[in-house]
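Student: In full-length UniProt numbering, the protein residues as written are 1 to 286.
Mind looking over this structure? Questions follow.
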């Protein structure tokens, strides 16, 4: 353990020096000597870094470092997550194919995790921001932003320079240093004032299109974050109902879709209680 910590510390120093050297603006950034300060600085420099190439040496060290970080956080396998049928004795249709799990989505070793992206779709640039977009990009590594940028550049060539990703679509990328295999990025609706039926339909489209993406790419397990409920201000209770209802409808319409498990990943206690409520209701449509 001591040797492992020493190696991680050396990798952290390497990454910090390399990211400072890579940056014009932060080349002379002063960072404290504590591991926490160095980790925050590395994450911040990754967060603000524009998509572009970087040395193979950096990527090699970054990948080892992030994979070790993932192990330290604790990787959670699908087998460790009970279905809502087993956990809550839910009698709902497809209760044996749905789960609720509370915790850090970047720990999940599943087919895909869902990222609540913004319309630029290249990650959050606010240093150490607590949004899911920032967490996923930080744990995946700089390659994820580069892949997202490549996809967006291709779409700008096709649709015009001002192109932004529409609400409700689903875009598949590799997961790089995350324990899952893929990340599916979706842009959720933003609620500025009154919640409208159009905004509800936008959120339904997020869930439908992610599930359709899983079916098309033979992804047999997917973990949804609570799309749009944080920075995008969608009411938590209605969002949870839409998530469960739309998933159930998708299974009913595509029973042989190949998706064995849909996990509703929650972080806040309020969301845990809301999802438990909806998966145990007798009739979502009443």
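A virtual CB, placed ideally from N, CA and C, is assigned to each residue, including glycine.
Determine the direct distance from the alpha carbon of residue 154 to that of residue 335, and round the result to whole angstroms.
Tutor: A query on residue 335 cannot be resolved here, the shown segment of the chain reaching from 1 to 286 and no further.
Student: Beta carbon of residue 167, beta carbon of residue 187: below 7 Å?
Tutor: Position 167 of the chain shown, counted from the first residue, corresponds to residue 167. Position 187 of the chain shown, counted from the first residue, corresponds to residue 187. Yes, the Cβ-Cβ distance between residue 167 and residue 187 is below 7 Å.
Student: Name the DSSP beta bridge partners of residue 93, please?
Tutor: By one-based count along the chain shown, residue 93 stands at place 93. According to DSSP, residue 93 bridges with nothing at all.
Student: Round the Cβ separation of residue 177 and residue 224 to the nearest angstrom and send it over; I've been treating them as touching at under 8 Å.
Tutor: The residue labelled residue 177 in the question sits at position 177 within the chain shown. The residue labelled residue 224 in the question sits at position 224 within the chain shown. Contact doesn't hold; Cβ gap of about 21 Å is too wide.
Student: When burial is assigned at 16 or more other CB atoms within 10 Å of the CB, is residue 35 buried or exposed?
Tutor: As a working note, residue 35 is residue 35 in the chain shown. So residue 35 ends up on the exposed side.
Student: Going by DSSP, which residues form a beta bridge with residue 171?
Tutor: Within the chain shown, the letter at position 171 stands for residue 171. Bridge partners of residue 171: 185.
Student: Given a cut-off of 7 Å on the beta-carbon distance, is the pair residue 124 and residue 44 in contact?
Tutor: Taking the first residue of the chain shown as 1, we reach residue 124 at position 124. Taking the first residue of the chain shown as 1, we reach residue 44 at position 44. Going by C-beta atoms, residue 124 is not nearer than 7 Å to residue 44.
Student: Sorted by chain position, which residues of the same chain lie with C-beta nearer than 8 Å to residue 242's C-beta, five sequence neighbours on each side aside?
Tutor: As a working mapping, residue 242 is identified with position 242 in the chain shown. Answer for residue 242: 200, 203, 204 and 207, listed in chain order.
Student: From what residue to what residue does the beta strand (DSSP E) around residue 98 run?
Tutor: As a working note, residue 98 is residue 98 in the chain shown. Note, residue 98: beta strand (DSSP E), 98-102.
Student: Does the beta-carbon of residue 157 have 16 or more other beta-carbons within 10 angstroms, so that it is buried, or is it exposed?
Tutor: Residue numbering aside, residue 157 sits at position 157 when the chain shown is read from its first letter. With fewer than 16 Cβ atoms within 10 Å of its Cβ, residue 157 is classed as exposed.
Student: For residue 81 and residue 75, I'd like the C-alpha separation in whole angstroms.
Tutor: Taking the first residue of the chain shown as position 1, residue 81 is located at position 81. Taking the first residue of the chain shown as position 1, residue 75 is located at position 75. About 12 Å.
Student: Using DSSP's beta-bridge definition, name the partner residues of residue 261.
Tutor: Translated into the one-based positions of the chain shown, residue 261 becomes position 261. DSSP lists 221 as partners of residue 261.
Student: Work out the CA separation of residue 194 and residue 72 for me, nearest whole Å.
Tutor: Translated into positions along the chain shown, residue 72 becomes position 72. Translated into positions along the chain shown, residue 194 becomes position 194. C-alpha separation (whole angstroms): 43 Å.
Student: Distance check for residue 272 and residue 233, CA to CA, integer angstroms please.
Tutor: Within the chain shown, numbered from 1, the residue matching residue 233 stands at position 233. Within the chain shown, numbered from 1, the residue matching residue 272 stands at position 272. Approximately 17 Å between the Cα atoms of the pair.
Student: Considering residue 115, what are the terminal residues of the beta strand (DSSP E) in which it resides?
Tutor: As a working note, residue 115 is residue 115 in the chain shown. Note, residue 115: beta strand (DSSP E), 112-117.
Student: Count the other CB atoms within 10 Å of the CB of residue 150; is the residue buried (16 or more) or exposed (fewer)?
Tutor: Position 150 of the chain shown, counted from the start, is the residue given in the question as residue 150. So residue 150 ends up on the exposed side.
Student: Quick one: what's got a C-beta closer than 7 Å to residue 274's C-beta in the same chain, skipping five residues either side?
Tutor: For the purposes of this step, residue 274 is taken as the residue at position 274 of the chain shown. Closer than 7 Å at Cβ, skipping near neighbours: 236, 237 and 240.
Student: Compute the Euclidean distance between the alpha carbons of residue 92 and residue 79, then round it to the nearest angstrom.
Tutor: Sequence index remark: in the chain shown, residue 92 carries index 92 (1-based). Sequence index remark: in the chain shown, residue 79 carries index 79 (1-based). Going by the C-alpha atoms only, they are around 21 Å apart.
Student: Using C-beta distances below 6 Å, list every residue in its chain close to residue 11, excluding the 5 sequence neighbours before and after it, in chain order.
Tutor: Taking the first residue of the chain shown as position 1, residue 11 is located at position 11. Around residue 11: 61 and 65.
Student: Within 10 Å of its beta-carbon, does residue 29 have 16 or more other beta-carbons around it, so buried, or fewer, so exposed?
Tutor: In the chain shown, counting from the first residue as 1, residue 29 sits at position 29. So residue 29 ends up on the exposed side.
Student: So, for residue 286: in the same chain, excluding its five sequence neighbours on each side, which residues have a beta-carbon less than 7 Å away from its beta-carbon?
Tutor: Here residue 286 is taken as the residue at index 286 of the chain shown, counted from 1. Any answer about residue 286 is weak, because its pLDDT of 38 lies below 50 and its placement is not dependable; what the coordinates show is given next. Cβ within range, chain order: n/a, list empty.
Student: Tell me the rounded alpha-carbon separation between residue 142 and residue 161.
Tutor: Taking the first residue of the chain shown as position 1, residue 142 is located at position 142. Taking the first residue of the chain shown as position 1, residue 161 is located at position 161. About 23 Å.
Student: State buried or exposed for residue 111, treating a residue as buried only when at least 16 other CB atoms are found within 10 Å of its CB.
Tutor: Taking the chain shown and counting its residues from 1, the one referred to as residue 111 is at position 111. The residue is buried, with at least 16 neighbouring Cβ atoms inside 10 Å.
Student: The alpha helix (DSSP H) that contains residue 251, what's its start and end?
Tutor: As a working mapping, residue 251 is identified with position 251 in the chain shown. Start and end: 236-253.
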